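Protein chains in written order, with our numbering: chain A, 423 to 759; chain B, 24 to 374.
Each residue gets a CB set at the ideal place from its N, CA and C atoms; glycine is no exception.
Please read these numbers as outputs of a predicted model, since none were measured by experiment.
Notes for the one structure printed next.
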Amino acid sequence: MSRPAEDVAAPDDAAATPTTAGAARVPWARATAVVGVLVVAVALAYLQSGSGIVVSQAVVTGILVGGVYGLVAMGLTLIFGVLDIVNFAHGAFLALALFGTYWLVTALGLHPLVALAGNIVAMFVLGALVQRGVLAGAMDRPLENQLLITLGLAMIIENGLLLFFGADPRSVALPGDRGVAILGAVADLSRILAFAGALVLAGALFLLLQRTRLGTAIRAVAASSTGAELVGIDTRRIYVLTFAIGTACAGAAGTLLAPLVTIEPTTGAQFTIIAFVVVVLGGMGNVVGALVSGLVIGLAEQLGGLLLPGQSPLLAVFIVFVLVLFLRPQGLFGRSG
Amino acid sequence: MSAPADATAAASAAARSDALPRQPWNRPLAVVAVLTVLLVPLPLVLPGAQEAVAVRVLIFALLSIGWNVMSGFGGMFSFGHAAYFGLGAYTTAWLLVERGVSPWIGMAAGMVIAAAFAVVIGFLALRYRLRGAYFALATFAFAEMLRLWAIGSDFVNRAEGYHVPLLPESSWWYLQFEPGSPNYFWIALALTVAALVVSILFLRSRAGQFTLAARDDAEAAASLGIPVMRYKLTTMALAGAISSVAGAFYVQYYLFVDPDLAFGSSQSIQAILPAVIGGVGTIWGPVIGAAVLGPLSDVTATILRNPPPFLEFLQGRGGLDVILYGLLLIVIIRLLPKGIYGALQERWSRR
Numbered sequence: 423m424s425r426p427a428e429d430v431a432a433p434d435d436a437a438a439t440p441t442t443a444g445a446a447r448v449p450w451a452r453a454t455a456v457v458g459v460l461v462v463a464v465a466l467a468y469l470q471s472g473s474g475i476v477v478s479q480a481v482v483t484g485i486l487v488g489g490v491y492g493l494v495a496m497g498l499t500l501i502f503g504v505l506d507i508v509n510f511a512h513g514a515f516l517a518l519a520l521f522g523t524y525w526l527v528t529a530l531g532l533h534p535l536v537a538l539a540g541n542i543v544a545m546f547v548l549g550a551l552v553q554r555g556v557l558a559g560a561m562d563r564p565l566e567n568q569l570l571i572t573l574g575l576a577m578i579i580e581n582g583l584l585l586f587f588g589a590d591p592r593s594v595a596l597p598g599d600r601g602v603a604i605l606g607a608v609a610d611l612s613r614i615l616a617f618a619g620a621l622v623l624a625g626a627l628f629l630l631l632q633r634t635r636l637g638t639a640i641r642a643v644a645a646s647s648t649g650a651e652l653v654g655i656d657t658r659r660i661y662v663l664t665f666a667i668g669t670a671c672a673g674a675a676g677t678l679l680a681p682l683v684t685i686e687p688t689t690g691a692q693f694t695i696i697a698f699v700v701v702v703l704g705g706m707g708n709v710v711g712a713l714v715s716g717l718v719i720g721l722a723e724q725l726g727g728l729l730l731p732g733q734s735p736l737l738a739v740f741i742v743f744v745l746v747l748f749l750r751p752q753g754l755f756g757r758s759g
Numbered sequence: 024m025s026a027p028a029d030a031t032a033a034a035s036a037a038a039r040s041d042a043l044p045r046q047p048w049n050r051p052l053a054v055v056a057v058l059t060v061l062l063v064p065l066p067l068v069l070p071g072a073q074e075a076v077a078v079r080v081l082i083f084a085l086l087s088i089g090w091n092v093m094s095g096f097g098g099m100f101s102f103g104h105a106a107y108f109g110l111g112a113y114t115t116a117w118l119l120v121e122r123g124v125s126p127w128i129g130m131a132a133g134m135v136i137a138a139a140f141a142v143v144i145g146f147l148a149l150r151y152r153l154r155g156a157y158f159a160l161a162t163f164a165f166a167e168m169l170r171l172w173a174i175g176s177d178f179v180n181r182a183e184g185y186h187v188p189l190l191p192e193s194s195w196w197y198l199q200f201e202p203g204s205p206n207y208f209w210i211a212l213a214l215t216v217a218a219l220v221v222s223i224l225f226l227r228s229r230a231g232q233f234t235l236a237a238r239d240d241a242e243a244a245a246s247l248g249i250p251v252m253r254y255k256l257t258t259m260a261l262a263g264a265i266s267s268v269a270g271a272f273y274v275q276y277y278l279f280v281d282p283d284l285a286f287g288s289s290q291s292i293q294a295i296l297p298a299v300i301g302g303v304g305t306i307w308g309p310v311i312g313a314a315v316l317g318p319l320s321d322v323t324a325t326i327l328r329n330p331p332p333f334l335e336f337l338q339g340r341g342g343l344d345v346i347l348y349g350l351l352l353i354v355i356i357r358l359l360p361k362g363i364y365g366a367l368q369e370r371w372s373r374r
């Protein structure tokens with residue numbers, strides 16, 4: 423395995439891991455290509471809509487939403503990179519956090535940002551319990567088994583929410599929310615806060631992975647669980663903690679998203695889909711790649727809405743997804759091979 | 024049973040005879056025949072509501088038999104089987120509503136379209152060597168793209184979908200009878216039996232044996248001169264065609280289809296569940312799984328309509344059935360990873 427020079431590597435760094443590949447070298451050529459494609463998309467969107475304001479609104483919204491997509495996907499990609507699990511329950515965890523936020527805000531009168539801390543802790547614990555209780559026993563089984571278990575979890579959580587809360591759409595209002603002008607476009611304060619929160623949490627996760635002993639151990643397990651075990655890392659503990667951290671990411675994203683979306687039991691499922699697209703685009707297991715491609719997908723969705731009028735904006739996202747799956751399954755920022 | 028089919032089966036059985044004992048291939052066909060004879064009088068015995076459950080079990084089974092051919096026998100884990108179900112449903116509905124074409128012809132057209140779509144997906148996925156999670160995600164993406172396309176296209180009536188126009192009288196040609204007619208059950212039974220027989224014959228055919236070989240070790244199979252790509256694509260086409268029939272019949276039975284029903288991920292899940300619960304890669308798995316799952320939603324609906332005192336607060340709520348599906352799925356995967364039939368089979372063979 424090639425080992426890229428890592429400027430932030432901890433002393434006992436085990437090996438170059440998928441979770442750090444994007445951090446070590448910035449693939450400038452590919453980054454330029456991605457930016458180029460986005461610029462062309464912006465230009466085409468301008469030609470199609472004929473209005474600068476519409477396009478800049480799309481770009482601002484796309485970037486702001488994309489940051490949150492990135493946060494959702496970071497948890498998913500971390501779980502994939504370390505545990506090799508395609509976690510179909512990720513969006514369901516997010517939905518759970520949405521309803522948790524709703525409950526904390528309406529029943530207890532908490533500020534949504536205070537609910538954030540509570541939700542992160544609660545989802546961390548839930549993630550640990552789920553991994554320990556349901557998934558741990560299936561770790562050495564074929565991939566499909568874990569996929570189906572997380573699918574079962576998603577069905578239970580989503581429909582549990584439906585059972586207890588009903589299908590009525592709900593919403594959470596951020597106190598003092600108002601429109602803020604950016605670059606000729608208007609963005610809600612809640613959106614900007616969600617974006618900022620996502621960036622802060624993404625940075626915290628990155629530091630955790632790069633600068634702490636736990637993070638180093640997580641990256642070691644991602645690179646080779648056998649090797650990690652040989653140097654004395656308790657891989658089972660790392661699996662539990664990684665799944666918990668990934669779930670906490672979904673929880674954080676759920677809280678940040680709560681003021682922005684209609685809260686329904688099925689809201690999470692839409693994010694599962696987008697998160698998978700982001701994860702594949704960023705390279706499965708690549709945390710930094712997930713954040714960057716979150717932004718790309720946020721933009722693709724908004725610009726796609728302008729380029730394919732009358733079609734669902736998600737269609738553009740899927741077209742990007744399929745192209746990436748076929749042409750660069752290792753992701754835009756992953757290593758080849 | 025045609026002579027050439029027997030000859031090829033014998034040939035392939037002989038080729039494997041060193042490694043494996045010859046399997047009694049006619050037994051499954053005999054069981055199918057006996058079951059069919061037993062099930063035919065069922066609608067005359069069952070009350071109307073139960074017959075609807077029986078029809079749903081058959082649609083479940085049909086869809087899942089298709090999934091099982093591709094993912095169980097072919098080893099290509101499909102997470103987007105709604106694509107084929109939906110193509111069958113939409114082709115039939117479109118031809119019937121927009122062109123007045125009989126659903127039987129629509130069903131055949133849907134099979135061709137679904138098979139062609141499966142070949143395209145399969146070709147791309149195999150050409151670009153997608154495996155495991157990537158393959159599953161690609162199939163999922165194609166189903167979602169169809170859903171989003173249908174929602175946004177005037178060509179298929181956007182998100183509204185299609186209602187099958189009601190006829191003044193029963194018609195075999197237009198596959199429409201008075202509600203609760205036993206004909207629906209018999210047609211669904213005939214289609215399911217046909218799919219089962221096809222999957223049994225496929226498995227014993229040369230193509231089926233090659234498919235199994237390619238599933239178990241693609242490189243070894245290719246090195247023996249088996250054109251892996253061709254047999255995998257054949258398998259996918261067959262699977263797509265079988266599942267599309269479920270969609271076509273679904274439209275005629277429920278008289279309605281929209282993009283979420285046809286192409287939504289819950290339809291893909293419904294294709295997977297019966298096979299996984301019954302036993303992936305076994306002939307009987309999807310049927311057994313469907314027979315377990317089909318009635319479950321009625322049981323829960325009955326419970327929620329008149330809940331026991333401790334569940335009073337759940338009255339009139341939905342979702343309990345899917346929760347049970349999810350629980351069952353997890354329990355089966357953890358305790359009986361080969362499914363109900365797979366576990367039974369193992370126990371028999373150990374004796």
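- In the DSSP assignment, the residues bridged to B/Ser194 are B/Gln199.
- Leu147, Tyr151, Leu153: these are the residues of the segment 122–153 of chain B whose beta carbon lies less than 7 Å from some beta carbon of chain A, given in chain order.
- Taken in chain order, the members of the segment 547–568 of chain A whose beta-carbon sits within less than 7 Å of a beta-carbon on chain B are Val556, Gly559, Ala560, Arg563, Leu565, Glu566, Asn567.
- Across the structure, A/Ala675 and B/Leu219 are spaced so that their CA atoms are roughly 46 Å apart.
- DSSP places A/Ile640 in the helix class (H, G or I) of the three-state scheme.
- Nearest CB-CB separation between A/Val744 and chain B: below the 8 Å threshold.
- Residues of the segment 353–371 of chain B whose Cβ lies closer than 7 Å to any Cβ of chain A, in chain order: Ile353, Ile356, Arg357, Pro360.
- Beta-bridge partners assigned by DSSP to A/Arg592: A/Ile685.
- Scanning its chain for C-beta atoms nearer than 7 Å, with the 5 sequence neighbours on each side dropped, one finds around A/Ala595 the residues Pro681, in chain order.
- With 16 or more other Cβ atoms from the protein chains shown falling within 10 Å of its own Cβ, A/His512 counts as buried.
- Counting every other CB atom within 10 Å of its CB across the protein chains shown gives B/Ala53 a total below 16, marking it as exposed.
- Taking 7 Å as the upper bound on Cβ-Cβ separation, chain B lies near no residue of the segment 477–502 of chain A.
- Taking every protein chain shown into account, the CB of B/Glu192 has fewer than 16 other CB atoms within 10 angstroms, so this residue is exposed.
- Of the other Cβ atoms in all chains shown, 16 or more fall within 10 Å of the Cβ of B/Gly270; this residue is therefore buried.
- For B/Asp344, DSSP assigns no beta-bridge partner whatsoever.
- Between A/Ile571 and A/Leu583 the beta-carbon gap is near 19 Å, outside 8 Å, which marks them as no contact.
- By the Cβ rule, the segment 615–634 of chain A does not count as touching the segment 696–708 of chain A, because fewer than three pairs are nearer than 8 Å.
- Judged by DSSP in its simplified three-state form, B/Phe102 adopts coil rather than helix or strand.
- Between A/Leu569 and A/Val508, the beta carbon gap of about 5 Å places them in contact (Cβ cut-off 8 Å).
- B/Val187 sits close to B/Gln275, with the two beta carbons spaced by under 8 Å.
- In this structure, DSSP gives B/Asp239 a helical state, which the three-state scheme calls helix.
- DSSP places A/Gly601 in the strand class (E or B) of the three-state scheme.
- At the C-beta level, A/Ile640 and B/Glu167 stay beyond 8 Å of one another.
- The C-beta of B/Arg340 comes closer than 8 Å to at least one C-beta of chain A.
- A Cβ-Cβ separation of about 5 Å places B/Gly133 in contact with B/Thr115 under the 8 Å criterion.
- Between A/Leu730 and A/Ala722, the CB-CB gap reaches or exceeds 8 Å.
- Under the three-state reduction of DSSP, B/His186 is assigned to strand.
- In the three-state DSSP reduction, A/Ala680 falls in the coil class, being neither helix nor strand.
- A straight-line Cα-Cα distance of about 8 Å links B/Arg238 and B/Met99.
- DSSP places A/Ala511 outside both helix and strand once states are collapsed to three, so it counts as coil.
- Shown here, A/Val653 sits in coil according to DSSP, grouped into three states, outside any helix or strand.
- Close to chain B, meaning a Cβ-Cβ distance shorter than 8 Å, is no residue of the segment 514–547 of chain A at all.
- For B/Phe100, the residues of chain A that pass the 9 Å Cβ criterion are Leu565, Glu566, Leu569, in the order they occur in the chain.
- The shortest C-alpha to C-alpha distance from A/Leu623 to any of A/Val527, A/Pro564, A/Gly668, A/Tyr468 is the one to A/Gly668.
- The continuous beta strand (DSSP E) containing A/Asp610 extends over residues 607–610.
- Between the segment 285–302 of chain B and the segment 104–112 of chain B, the count of Cβ pairs shorter than 8 Å is three or higher; the stretches touch.
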